[in-house]
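Below is one structure, written out as structure tokens; comments come after it.
Residue numbers (this note's numbering): 1 to 264.
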């Protein structure tokens, strides 16, 4: 068991490393429709650190679902629209390792399959500026302590895309370690997938349910009040099982913890 020991610091005294940066918020479909509080939390964190945040209303789905299913041609309109919506920003930040990975890895692949040189250049430019929240905070802003306060017992689930695709490593854990008042409990078998996997949970529902049950069993072993992750798709899958078991454990996005302060 590890309890955070970072000294208290007023959010008013935080440095503003994002001063002068204009950031586009890539909200992602699942957050836009089902978890808008996560997007609001990202804005709160980034503005606290001095960034100017804009929400381009022209954004749509990144096309990950169709791309993962092999519908490459059908995914191209989403790629083109993404470039149109997010061109011109200093950085684009998303609260999702899954969707960030899709933009950085799948969009360049799709553009090259189409063979449009102009689109390839545009996709390469935009995708190189897209970051998941933890890597943006640490790698771009150089910040680990964002002035957060969350006096609860928490365990962390590293989602597959963040862990294996983006290779976030210990970045989320480093951010959590500076949250005042929080107790972090290691999650047994943390490397195991939660069983969501986009269309996987539909095409292989029995296997998905078994994987989710295993994940929840390990979460409950920690006696945590909250399980935190960087993808709401994973949290939706995990949270559904936790709820059906009347476990009392709540699923919460990393951004919502980092946005919380003693003043809230």
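In this text, a Cβ means the ideal position worked out from N, Cα and C, and glycines have one as well.
A buried status is given to residue 256, since no fewer than 16 other beta-carbon atoms sit within 10 Å of its beta-carbon.
Apart from the 5 residues on each side of it in sequence, residue 187 sits with its Cβ closer than 7 Å to the Cβ of 155, 156, 157, 218, 219, 222 in its chain, given in chain order. When DSSP reads this structure, residue 155 sits in a beta bridge with 185, 227. Using a Cβ-Cβ distance cut-off of 8 Å, the region 178-187 and the region 138-148 are in contact, since at least three pairs of beta carbons, one from each stretch, lie closer than that value. If you draw a 10 Å sphere on the C-beta of residue 135, you find 16 or more other C-beta atoms in it, and that means buried. Excluding residues up to 5 positions away in sequence, nothing lies with its Cβ nearer than 6 Å to the Cβ of residue 191 in the same chain. Residues of the same chain with a CB within less than 6 Å of the CB of residue 107, apart from the 5 flanking positions on each side, are 79, 123, 127 in chain order. For residue 256, the enclosing alpha helix (DSSP H) covers residues 254-259. The region 226-239 makes contact with the region 157-175, as at least three CB pairs between them are under 8 Å.
For residue 131, no alpha helix (DSSP H) segment is defined; the enclosing uninterrupted segment is the beta strand (DSSP E) at 130-132.
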